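Numbering (the numbering used here), first residue to last: 1 to 318. Below: one structure, written as structure tokens.
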């Protein structure tokens, strides 16, 4: 089953045969999200309907926030996760002023009914939608009876006595509690992207790096880390050390950069897609007095990262 991605509120029906629809921001596709998607896929298969999702880009909380909002997954990662979960129709609506002005009733009529011909709608227990968040689960149930769909709330997934949520995962990652975040996500936290050319300063210092520009994406993690890297579609298995930040010693820039150094690797990664799994935080970013001081610290970072990854200790760059 191939995922089809759509962006617009208006247009022809995407599922003339009817659909089972989940609605939400779905940042990170954690265990709670996975429970909703699994139910949608199951019900759609039982009824011979299309499994579908309505989501939003940018994230609603980011649209309304005056400050940059960290996110767990990029647009491409979210779509890939939906495809892997068995979703066929992904309606990723542009979350803009026009959409925020749409009433909850109009959202149901124009999007849920006209665009996706919903027969069932699945949401989280605290789901709100429409202008001024006026729509809730009770409204979905009431209007659904009029338009021929049923509304269902999936109970929250509880881990260690707390509800699994994207905000909880972001907090764990900001605190470098990667194992706990992995538990809530159901997989390790990974940032991926295509390797681009940089200043090649790392190469001159003896630490060539694969550079991934995050651009508008705000990461919940910053600093220096022991990591595992995946190349292309391969697993994150190559050991390394990575920096995610603004490189204060060499150029203070506003756009964070992910730089990954793969241990004992030789090859050209330019243009390839890599995934970086964060294993342990080694330290925060620092501004060093000069490049010699920076290089000395990079040698120590490699020693610390190799130890964190369970590798044999070596004498680095003797």
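In this text, a Cβ means the ideal position worked out from N, Cα and C, and glycines have one as well. If you're wondering where the values come from, they're calculated on a predicted model, not measured in any experiment.
query, result
"Touching by the beta-carbon criterion (3+ pairs, under 8 Å), the segment 106-115 and the segment 73-81", "no"
"Stretch-stretch touch, CB-based, cutoff 8 Å, three pairs: the segment 293-310 with the segment 224-237", "yes"
"Identified DSSP bridge partners for residue 225", "242 and 281"
"Coil, strand or helix - residue 192 by DSSP", "strand"
"Minimum Cβ-Cβ distance from residue 211 to chain C less than 8 Å", "The displayed structure is made up of one protein chain only, and chain C is not part of it."
"Between the CA atoms of residue 152 and residue 164 - distance to the nearest angstrom", "19 Å"
"Selected residue, minimal CA-CA separation from residue 48, among 5, 169, 178 and 16", "16"
"Proximity winner among 178, 208, 161 and 143, relative to residue 281 (alpha-carbon distances)", "178"
"Cβ-Cβ distance between residue 295 and residue 259 below 8 Å", "no"
"Residues bridged to residue 36 (per DSSP)", "Looking at the DSSP assignment, residue 36 forms no beta bridge with any residue, so it has no partner."
"Of the listed residues 11, 8 and 79, nearest to residue 37 (C-alpha basis)", "79"
"Cβ neighbour criterion (16 or more within 10 Å) applied to residue 244", "buried"
"Strand pairing of residue 310, partner residues [DSSP]", "Answer by DSSP bridge pairing: none, since residue 310 is not bridged."
"Buried or exposed by the 16-neighbour rule on C-beta atoms within 10 Å, applied to residue 44", "buried"
"Separation of residue 20 from residue 147, as counted between CA atoms", "14 Å"
"Strand pairing of residue 163, partner residues [DSSP]", "158"
"Cβ-Cβ distance between residue 218 and residue 277 below 8 Å", "no"
"Residue interval of the beta strand (DSSP E) (run including residue 56)", "50-57"
"Beta-carbon proximity of residue 194 to residue 273, cut-off 8 Å", "yes"
"Candidates 99, 58 and 169: closest to residue 131 by CA position", "99"
"Opposing strand residues paired with residue 107 [DSSP bridges]", "According to DSSP, which records beta bridges pairwise, residue 107 is partnered with nothing at all."
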